[in-house]
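Data first, discussion second: the structure below is written as structure tokens.
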Amino acid sequence: MVHILPFTPDHFSTLSGWFGSDADVVQWGGPYVHFPLSDEQMTAMLDEGRSDPPMRLCWMAQDGDRLVGHVQIAFDWRNGNATLGRVAIAPDARGRGLAVPMLRLALASAFAFDAVERLELNVYAWNRPAIRSYERLGFVTEGIRLSSVRVGDARWDTAIMRMLRSEWTDSTPA
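For my numbering, count along the sequence shown from 1 and bump the result up by 6.
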């Protein structure tokens, strides 16, 4: 059974080991992180969680005694929005159906804050496995930002997806 635990510096080497190229890191973390994923970059993510209320929460997912995933949620408290992002499943754990249970736990944590009305995410439009997982959870695509990120010589389109609090209630089967 998958559960999530707070991301700590003890997890840095595990997480950074999941990414072998700049494209891998950008796929995970967006265009503002870079390869190799450094302790400094991950420390900055943790620092955003030290405010009250937190600007970002970060977790590792564990299945048995193995770390199998990572997920983050960033908060826009003024507008009642949260952004799901930096979702990864360990390379040797992919294809085992771990993403949806991990994400359900993160979504429950986000919607546990009464101020959060909207949860959104950005996913590269070519990443069909991730999009299918998000759709299973009840996310809806709102649009596509064409050619929004440059990775090397390639341009990637970004799908924008959302879930409202009322949709979360309907999208959480037992």
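Ideal Cβ placement from N, Cα and C applies to all residues, glycine included.
Asked                                                                                                                  : Found
Identity of the residue in Gly158, Ile95 and Tyr140 nearest Leu127 by Cα                                               : Tyr140
DSSP state of Glu126 mapped onto helix, strand, coil                                                                   : strand
Boundaries of the beta strand (DSSP E) in which Val93 is found, first to last residue                                  : Asn87 to Ile95
CB contact flag (Leu11, Leu43, <8 Å)                                                                                   : no
Boundaries (first-last residue) of the alpha helix (DSSP H) holding Val106                                             : Ala105 to Phe117
Pick from Thr89, Leu52 and Trp24 that is closest to Ile166, judged by C-alpha positions                                : Thr89
Where Arg168 falls, given that 16 or more other Cβ within 10 Å makes a residue buried                                  : buried
Straight-line Cα distance separating Val106 from Trp174                                                                : 14 Å
C-beta atoms of Gly75 and Met108 nearer than 8 Å                                                                       : yes
Residues of its chain near Met51, where Cβ-Cβ distance is below 8 Å and the 5 sequence neighbours each way are ignored : Phe13, Arg62, Cys64, Gln78 and Arg92
Gly35: first and last residue of the uninterrupted beta strand (DSSP E) it sits in                                     : Counting along the chain, Gly35 falls outside any beta strand (DSSP E), though it belongs to the alpha helix (DSSP H) covering Asp28 to Gly35.
Three-state class that DSSP yields for Ala121 in the structure shown                                                   : coil
C-beta contact flag for Ala29 and Gly149 at 8 Å                                                                        : no
Residue nearest to Ala160 in terms of C-alpha spacing, selected from Trp132, Val146, Gly26 and Thr147                  : Trp132
Residue span of the beta strand (DSSP E) that contains Asp69, given as start and end                                   : Arg62 to Asp69
Pairwise C-alpha distance: Ser172 and Asn85                                                                            : 16 Å
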